[in-house]
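**Student:** As you go down the protein sequences, you meet chains A and B in turn. The numbers in our numbering rise by one with no breaks, and the one at position 82 of the first sequence is 832. The numbers in our numbering rise by one with no breaks, and the one at position 94 of the second sequence is 451.
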Amino acid sequence: GQQLNQSPQSMFIQEGEDVSMNCTSSSIFNTWLWYKQDPGEGPVLLIALYKAGELTSNGRLTAQFGITRKDSFLNISASIPSDVGIYFCAGQREGSNYKLTFGKGTLLTVNP
Amino acid sequence: ETGVTQTPRHLVMGMTNKKSLKCEQHLGHNAMYWYKQSAKKPLELMFVYNFKEQTENNSVPSRFSPECPNSSHLFLHLHTLQPEDSALYLCASSGGRGGYSTDTQYFGPGTRLTVL
């Protein structure tokens, strides 16, 4: 099935640094979601975006719904050790109703 | 706190066993989902129930049998599984409107299944 191109696959950063990751697709999406998954746990919703151009923040996290509706970005500012985990993007394609398409995830490691 | 619970959290079973996974959502949602998450693969949608009706079976082998007795509970019955079925099985729920579930999905913590 269709996949989202999520990059980078992994990141190793120092505590305090800012982080950016993104997802792109050749299809138009109506919804973009960003999740974080800790080892052995289910994905936890971080930010939901429903409108092209929308910029939404959740604490140190900021995500944007690309104006073309084919991409989305997640930024984490001033990273801390508990930001470690896998970050997934997910999108609902135009006309797909309830189905979500997921990226493969970005593994974030933060060195104290 | 996701409001979606799953039991058991860990399960080890032999290929001839029969077991069931349980999911319960406390969010008042109308749609529930089963996903399979294997290492280094994107989440794979297995089944979708909307208002207790199965609306999606994503070519899942018959050794996986879902059951949705009401909008708050979802089961996945397992029998004669294969070692390659070992994975994290995630349940999710969303609001749902009419025949479609377009709302954001909230996940449970998952059941880590190992098939010997």
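Glycine is no exception: its CB is placed at the ideal position from the N, C-alpha and C atoms.
Excluding the 5 residues preceding and the 5 following L469/B in the sequence, name in chain order all residues of the same chain whose CB lies nearer than 6 Å to its CB.
**Tutor:** Residue 469/B is actually Arg in this sequence, not Leu. Only H367 and L445 meet the Cβ criterion.
**Student:** Rounded to whole angstroms, what's the CA-CA distance from S458/B to M372/B? Just pull it up for me.
**Tutor:** Note on S458/B: pLDDT 42, under 50, position unreliable in the model; the coordinate value appears next. So the alpha carbons of these two residues sit roughly 34 Å apart.
**Student:** Would you please verify whether the beta carbon of Y457/B is less than 9 Å from any beta carbon of chain A?
**Tutor:** Summary for Y457/B: the model assigns pLDDT 43, below 50, so the residue's position carries little reliability; its value from the coordinates is reported in the next sentence. Yes, because at least one Cβ of chain A sits closer than 9 Å to the Cβ of Y457/B.
**Student:** If we define contact as Cβ-Cβ less than 9 Å, is G410/B a contact residue for chain A?
**Tutor:** It should be pointed out that residue 410/B corresponds to Glu in this sequence rather than to Gly. With 9 Å as the cut-off, E410/B does not count as an interface residue toward chain A.
**Student:** Taking only beta-carbon atoms, is S451/B less than 9 Å away from chain A?
**Tutor:** yes
**Student:** Quick check on the DSSP output: the beta strand (DSSP E) that includes D821/A runs from which residue to which?
**Tutor:** D821 to I826
**Student:** Using beta-carbon positions only, say whether F852/A and Q759/A come within less than 9 Å of one another.
**Tutor:** no
**Student:** Taking contact to mean 3 or more Cβ pairs, one atom from each stretch, closer than 8 Å, check whether the segment 770 to 780 of chain A and the segment 817 to 827 of chain A are in contact.
**Tutor:** yes
**Student:** Between L824/A and M761/A, what straight-line distance do the alpha-carbon atoms span, to the nearest angstrom?
**Tutor:** 13 Å
**Student:** Are the CB atoms of E401/B and K409/B within a distance shorter than 9 Å?
**Tutor:** no
**Student:** In chain B, which residues lie with their C-beta within 8 Å of the C-beta of A865/A?
**Tutor:** As shown, chain A starts at 751 and ends at 862. That puts residue 865/A outside it, with no answer to give.
**Student:** Using a Cβ-Cβ distance cut-off of 9 Å, determine whether K854/A contacts chain B.
**Tutor:** yes
**Student:** Between the C-alpha atoms of T859/A and P466/B, what's the straight-line distance to the nearest angstrom?
**Tutor:** 21 Å
**Student:** With a threshold of 16 other CB atoms inside 10 Å of the CB of I826/A, please say whether the residue is buried or exposed.
**Tutor:** buried
**Student:** Do Q787/A and L799/A have their beta-carbon atoms positioned less than 9 Å apart in this structure?
**Tutor:** The answer is no: Cβ separation not under 9 Å.
**Student:** Less than 6 Å between C-beta atoms, sequence neighbours within five positions excluded: which residues of the same chain meet that for Y406/B?
**Tutor:** M389 and C425
**Student:** Got a sec? Which residues, its chain only, sit under 6 Å from H430/B by beta carbon, not counting five neighbours each side?
**Tutor:** Counting only Cβ-Cβ distances below 6 Å, and skipping sequence neighbours, we find E381.
**Student:** Contact criterion: CB-CB distance below 9 Å. Does T781/A meet it with respect to chain B?
**Tutor:** yes
**Student:** Output needed for L473/B: all residues of its chain with C-beta closer than 6 Å, excluding positions within five of it in sequence on either side, in chain order.
**Tutor:** G371
**Student:** Buried or exposed: which applies to P423/B, given that a residue is buried once 16 or more other Cβ atoms fall within 10 Å of its Cβ?
**Tutor:** buried
**Student:** What number of angstroms, rounded off, separates the C-alpha of Q756/A from the C-alpha of K854/A?
**Tutor:** 6 Å
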